[in-house]
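A.B. asks:
Residue numbers (the working numbering), protein chains in the order written: chain A, 298 to 459; chain B, 20 to 347.
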């Protein structure tokens with residue numbers, strides 16, 4: 298989000314405090330003077346991670362501090378994980394496989410590339426899942442593993458976490 | 020210093036050649052292959068034994084068994100390099116117990132006994148005031164066990180992951196580089212002598228899983244068996260899957276992983292970024308050890324081969340010599 302505040306000592310700290318108060322995690326603070334900013338004001342961009350449903354409370358607290366929120370850009374699905382699946386993906390109802398992830402509401406399949414070399418031979422797919430947080434990604438992976446187990450699919454997970 | 024060598028295949032002969040080639044101050048007083056044995060307190064003629072083997076003959080007297088060598092030869096260190104049996108660990112386990120009971124040090128490349136019976140063997144060694152060393156059981160030439168036991172002493176190890184099987188790594192390297200199918204790459208690995216006629220042990224991830232069990236039980240104080248390892252091999256991998264990984268600057272490697280906190284041991288194909296240090300080519304092995312003090316360390320080297328495995332065995336022999344054998 299982009300914030301504007303009075304250019305006075307202690308103002309930046311006052312703007313950051315509410316973020317931790319609502320359980321948020323500050324990822325980056327970018328501060329540069331811009332021509333469009335009034336001389337007595339300070340413009341700051343903050344990248345942060347917030348638990349679901351805390352944004353309204355944060356905005357309220359910021360307003361109380363006299364901080365003006367200029368712009369908010371929201372990315373809901375922050376975590377991304379790409380896997381490869383091998384097996385009879387179509388015969389085992391690929392859309393159901395995708396659906397089981399999407400149904401969670403907090404993780405979804407955002408990309409799918411399928412290669413089918415020949416009828417009756419196993420196909421391979423690269424599947425990208427995005428989720429709201431790490432715990433939801435773990436849950437999505439558990440679901441996918443269970444589905445793969447049941448449908449006899451091989452899942453190749455990434456070495457490192459999302 | 021005097022040693023007895025049990026097993027005169029690729030590893031045993033590699034050790035003999037290094038002793039001869041480097042003129043090491045090591046006298047071999049006992050030697051046995053699967054069909055015969057030799058006992059000579061004055062020192063066995065290794066050159067003669069090697070050329071007998073090359074002619075396809077037994078190295079010694081058919082009337083002398085490996086157990087005779089264990090019990091009757093005069094040696095400081097028993098070098099147990101017979102073929103491994105991952106189910107029973109025999110006959111190697113019996114050989115090692117026999118030597119430890121006699122108060123003799125043991126050096127081995129034999130995975131079975133270390134994976135299955137390490138706590139008992141270590142207790143037996145301690146009770147008899149001798150050492151048991153097994154560097155060659157994991158990743159051939161890479162001094163991984165020594166590094167973790169000595170160099171990283173004092174560190175908490177939070178994760179170990181790596182490429183523990185050269186045969187699988189060769190197959191996956193070739194599938195990625197040339198678009199070969201699994202069957203084509205396996206056939207090529209067989210032609211080059213990297214894969215056995217029955218490749219199950221390698222391609223199903225059993226070999227890698229045993230190495231994880233050894234590291235877990237001997238370095239991380241875990242109590243695990245082969246059945247505790249979640250294991251998926253590489254036999255179902257498609258060249259299309261490798262291409263899909265490649266499209267994202269990634270590749271697929273068979274990765275063995277231990278997470279001590281979570282108690283997880285697993286061997287499975289994983290997607291790895293191509294610039295990741297574990298992405299090594301051909302038959303190489305690579306292992307990353309994550310620690311609290313030293314950070315992450317990655318070891319890369321040859322995981323198999325006669326001379327490479329001999330390197331690990333000789334390292335263990337000289338370690339014992341420098342610390343524990345009287346007169347040195």
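All residues carry an ideal CB built from backbone N, CA and C; glycine is no exception.
These numbers were taken from a predicted model, which means no experiment stands behind them.
Listing by chain order, which chain B residues have their CB less than 7 Å from the CB of residue 381(A)?
C.D. replies: Correct list: 260, 263, 264, 290.
A.B. asks: Listed in chain order, which residues of the stretch 418-429 of chain A have Cβ atoms closer than 9 Å to some Cβ of chain B?
C.D. replies: Here the close residues are 418, 419, 420, 421, 422, 423.
A.B. asks: For residue 41(B), count neighbouring C-beta atoms within 10 Å of its own C-beta (all shown protein chains included) and say buried if the count is 16 or more, exposed if not.
C.D. replies: Result: exposed.
A.B. asks: Return the residue from the list 253(B), 90(B), 97(B) that minimises the CA-CA distance to residue 219(B).
C.D. replies: Out of 253(B), 90(B), 97(B), 253(B) has the C-alpha closest to the C-alpha of residue 219(B).
A.B. asks: According to DSSP, is residue 60(B) helix, strand or coil?
C.D. replies: The answer is coil: DSSP assigns residue 60(B) none of H, G, I, E or B.
A.B. asks: Any beta carbon from chain A within less than 8 Å of residue 257(B)'s own beta carbon?
C.D. replies: Chain A contact via Cβ: present.
A.B. asks: Please list the residues of the stretch 264-279 of chain B that have a C-beta atom closer than 9 Å to any C-beta atom in chain A, keeping them in chain order.
C.D. replies: Flagged, chain order: 264, 266, 267, 269, 271, 272, 274, 276.
A.B. asks: According to DSSP, simplified to helix, strand and coil, what is residue 54(B)?
C.D. replies: Correct three-state label for residue 54(B): coil.
A.B. asks: Would you mind reading off the limits of the alpha helix (DSSP H) that contains residue 219(B)?
C.D. replies: Start and end: 219-222.
A.B. asks: Let's see if you can read the secondary structure: which residues bound the beta strand (DSSP E) around residue 342(A)?
C.D. replies: Residue 342(A) -> beta strand (DSSP E) spans 338-346.
A.B. asks: By the DSSP assignment, the alpha helix (DSSP H) with residue 328(B) in it spans what residues?
C.D. replies: Per DSSP, residue 328(B) belongs to the alpha helix (DSSP H) from 325-343.
A.B. asks: Taking just the CA atoms, how far does residue 307(B) sit from residue 280(B)?
C.D. replies: Their Cα atoms are separated by approximately 17 Å.
A.B. asks: Is any beta-carbon of chain B found at less than 8 Å from that of residue 398(A)?
C.D. replies: Residue 398(A) does not count as touching chain B.
A.B. asks: Could you list which residues in chain A have their beta carbon closer than 8 Å to that of residue 251(B), in chain order?
C.D. replies: Ordered by position in chain A, the residues that pass the 8 Å Cβ test against residue 251(B) are 451.
A.B. asks: Whose CA, out of 319(B), 339(B), 257(B), lies closest to the CA of residue 161(B)?
C.D. replies: Out of 319(B), 339(B), 257(B), 319(B) has the C-alpha closest to the C-alpha of residue 161(B).
A.B. asks: Go ahead and label residue 114(B) buried or exposed: buried means 16 or more other beta carbons lie within 10 angstroms of its beta carbon, across all protein chains shown.
C.D. replies: Buried.
A.B. asks: For a cutoff of 8 Å on Cβ pairs, would you count residue 362(A) as touching chain B?
C.D. replies: By this cut-off, residue 362(A) is not an interface position.
A.B. asks: Assign residue 86(B) to one of three DSSP states: helix, strand, or coil.
C.D. replies: Of the three classes helix, strand and coil, the one that applies to residue 86(B) here is helix, per DSSP.
A.B. asks: Assuming residue 374(A) and residue 425(A) are in contact, meaning their beta carbons sit under 8 Å apart, how far apart are those beta carbons, in whole angstroms?
C.D. replies: Actually they are not in contact, since the Cβ atoms of residue 374(A) and residue 425(A) sit about 10 Å apart, beyond 8 Å.
A.B. asks: Let me see if you follow: with CB-CB separation under 8 Å, is residue 347(B) close to chain A or not?
C.D. replies: Here the model assigns residue 347(B) a pLDDT of 46, short of 50, so the residue's position is not dependable, and the following value carries that caveat. Chain A contact via Cβ: absent.
A.B. asks: By the 10 Å Cβ neighbour count, where 16 or more other Cβ atoms means buried, how is residue 107(B) classified, buried or exposed?
C.D. replies: Exposed, since its Cβ has fewer than 16 Cβ neighbours within 10 Å.
A.B. asks: Tell me, please, whether the CB atom of residue 356(B) is closer than 8 Å to any CB atom in chain A?
C.D. replies: Since the first residue of chain B shown is 20 and the last is 347, residue 356(B) is not available in this structure.
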